[in-house]
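Visitor: To start, I am sharing the structure in question, which I have written as structure tokens.
Residue numbers (this note's numbering): 16 to 154.
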């Protein structure tokens, strides 16, 4: 399961059992963390999730920012799910997805509806591809 964690929403993406393609799945409107965790737990259970990839918003130079620290804390707080968690560089995910949606002539309202879960898929696909290239994922 891939996550693009924002201050108001969490974009969720899932991949196939062969770890080849990520697809946008859901958009969670943020509430209290316990409610967010319950929603993520339900998705993980229903979809038989084996691990979580969380987008890490590094600065352009690769350094941490206050937002990066917030995402690291969010990822640590996912421990009750009992799943492995991988933090993945997401510096360009939202921009890449937004460009794709603009190129597809999606309205501003449609882009707002799709961008977070598509960014989650972009993050998850990057992790799948990166791990496969390193020989760490074998279908």
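For glycine and all other residues, C-beta sits at the position ideal for the given N, C-alpha and C.
Which whole-angstrom value is the C-beta distance of residue 58 and residue 69, which I expect to be below 8 Å?
Guide: In fact, because the Cβ distance is near 14 Å, the residues do not count as touching under 8 Å.
Visitor: Identify the residues that DSSP records as bridge partners of residue 103: which are they?
Guide: Residue pairing of residue 103 in beta bridges, as defined by DSSP: 70.
Visitor: With contact counted as at least three CB pairs below 8 Å, one residue from each stretch, are the stretch 38-45 and the stretch 97-108 in contact?
Guide: no
Visitor: Just mark residue 124 as buried or exposed, buried being the case when its beta carbon has 16 or more other beta carbons within 10 Å.
Guide: exposed
Visitor: Once DSSP output is grouped into helix, strand and coil, what is the label at residue 19?
Guide: strand
Visitor: Just checking my contact of residue 19 with residue 135 at CB under 8 Å: how many whole Å lie between their CB atoms?
Guide: 4 Å
Visitor: What separation, rounded to the nearest whole angstrom, lies between the Cα atoms of residue 154 and residue 77?
Guide: Low confidence applies here, because residue 154 scores a pLDDT of 42, under 50, leaving its location unreliable and the question unanswered by this model.
Visitor: Helix or strand or just coil, what does DSSP make of residue 76?
Guide: Three-state result, residue 76: coil.
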